[in-house]
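In what follows, a single structure is set out as structure tokens and then discussed.
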Amino acid sequence: MLFNNQMTSPKNKINHRLKTLTFPSLASLTLAACGGGGGGGPMVQPPPVNRAPVAAADKTVSMDEDATNTALSITAPTDPDGNNLTITVTAVPSGGTLAMADGT
1186 MLFNNQMTSP KNKINHRLKT LTFPSLASLT LAACGGGGGG GPMVQPPPVN RAPVAAADKT
1246 VSMDEDATNT ALSITAPTDP DGNNLTITVT AVPSGGTLAM ADGT
């Protein structure tokens, strides 16, 4: 039963099992076992939601036929959760070469 936004139980119904608890985002839940004089309990905190990385929209880069180096001017993608990112090239030019700024 709820009393002052707290779930309480009569002495003869002390055992409860929580089947599902859903949070829309980061939240915390404090569990307390009280013997009539107050008390405290462990803190249960669900993991935060993993948000998608942020990347610039796809773009096409064109260059003159005789150009030697053309910067792609691509903003590095970021991850709002701070996770490491891996960038994979899925297609390369049919003619010419593609090299990283460090020469690889």
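Residues in the sequence shown are numbered from 1186 upward in steps of one, following my numbering. Glycine included, C-beta positions come from ideal geometry on N, C-alpha and C. For clarity, every value in this text was computed on a predicted model and none was experimentally measured.
Chain-order list of residues whose beta-carbon lies under 8 angstroms from that of residue i (same chain, five-residue window excluded)
i: Leu1283; result: Val1274 and Val1277
i: Ile1272; result: Pro1262
Cα-Cα separation, residue i to residue j
i: Thr1255; j: Asn1235; result: 35 angstroms
i: Pro1233; j: Asn1268; result: 13 angstroms
i: Ser1279; j: Thr1263; result: 29 angstroms
i: Asp1266; j: Asp1251; result: 42 angstroms
i: Asp1243; j: Gly1281; result: 21 angstroms
i: Leu1270; j: Val1239; result: 10 angstroms
Contacts around residue i, its chain only, beta-carbon distance under 7 angstroms, and the 5 residues preceding and following it disregarded
i: Met1248; result: Thr1255
i: Leu1257; result: Val1246
Integer-rounded CB distance, given that residue j should sit under 8 angstroms from residue i
i: Ala1237; j: Thr1260; result: Wrong, their Cβ atoms sit about 16 angstroms apart, outside the cutoff.
Residues that DSSP places opposite residue i in a beta bridge
i: Thr1263; result: Val1239
Nonlocal neighbours in the same chain, by C-beta distance under 6 angstroms from residue i, ignoring five residues either side
i: Thr1289; result: none
i: Thr1253; result: none
Distance cut-off 7 angstroms: residue i Cβ against heavy atoms of the ligand ZN
i: Ala1276; result: Among the components modelled here there is no ligand, and therefore nothing to report on the ligand ZN.
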